[in-house]
Every structure is written in C-alpha cells, then in structure tokens.
Amino acid sequence: MKTYTGGCHCRKVRYEVDMEELTEAMSCNCSICSKRGWLLTFVPASSFRLLQGSDEVTMYHFNKNKIDHIFCKTCGTASYGSGSDGEGNVMMAINVRCLDDVDLSTLKINQVDGKSY
Ligand SMILES: [Zn+2]
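According to this note's numbering, the sequence shown holds residues 536 to 652 in order.
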C-alpha cells in the first residue's frame with residue numbers, strides 16, 4: 536500500500552488516499568466524465584481522508600443523484616467524488632489527475648463505456 540496526496544488547484548481541498556501503487560486509471564465516456572475529462576480510480580471510503588476543505592466544496596447532482604460530484608467552490612476542480620458501489624458500500628472516486636507526483640503518461644488507461652449504463 537502507498538499513501539497518495541492530492542487535491543484541487545487552489546489547494547483549499549487536500550486529501551490522502553491509501554491504495555496499491557497506481558498503474559492504471561479509468562476513462563469513462565458518460566455525459567459528465569466526457570465533459571470533465573476525469574481519469575478515475577475508485578477506493579473504499581475508509582481509504583480516503585479529507586485533510587482540509589470540507590467547507591470549501593460543493594456538489595453537483597444529476598440523473599438519479601447516486602453520485603456526489605464534489606468540486607471546489609473557489610477553483611472548480613473536481614478532485615474527488617463519492618458514490619455507492621451498488622451493494623451499499625461507499626466508494627470514493629479519485630481524480631487521478633489531481634494526485635501529486637503521478638506521471639499520467641505511465642498509466643494504462645482503461646476505457647469504460649459509462650454512457651451505456
Ligand atoms: Zn480549489
């Protein structure tokens with residue numbers, strides 16, 4: 536396990552994530568991912584710690600409101616989000632682009648057909 540740090544552009548929102556060494560990320564073609572350009576990885580909520588910025592974020596909901604699309608009120612960066620895995624477990628969606636010291640060019644990008652779900 537490795538601890539990654541990340542957050543938004545203006546640094547009001549900062550978090551830590553415990554996960555295996557990152558070797559791949561998900562690129563989704565659903566309506567919001569395609570506009571926002573996210574590269575995502577998912578972790579259990581217990582592996583995610585928001586260090587600062589809980590008052591600095593706001594949320595966007597659409598469709599069935601299943602996912603909290605969280606973003607910084609100041610800089611607009613959507614560095615993470617949260618939702619359920621379908622079995623009631625809270626999962627955090629981490630925007631890999633917002634992690635510190637990750638070389639995106641080394642990651643295997645898996646295309647996910649979220650549009651069809
Ligand atoms: Zn910000």
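Glycine included, C-beta positions come from ideal geometry on N, C-alpha and C.
- Apart from the 5 residues on each side of it in sequence, residue 647 sits with its Cβ closer than 6 Å to the Cβ of 561, 563 in its chain, given in chain order.
- Taking 9 Å as the cut-off, the Cβ atoms of residue 540 and residue 549 count as close.
- Annotation: the continuous alpha helix (DSSP H) that includes residue 568 extends over 566 to 571.
- Residue 592 carries a strand assignment under DSSP once its states are collapsed to helix, strand and coil.
- Near ligand 1, meaning a beta-carbon closer than 5 Å to one of its heavy atoms, we find 543, 545, 547, 607, 609, 610.
- Residue ranges of uninterrupted alpha helix (DSSP H) with 4 or more members are absent from the region 596 to 627; none lies entirely inside it.
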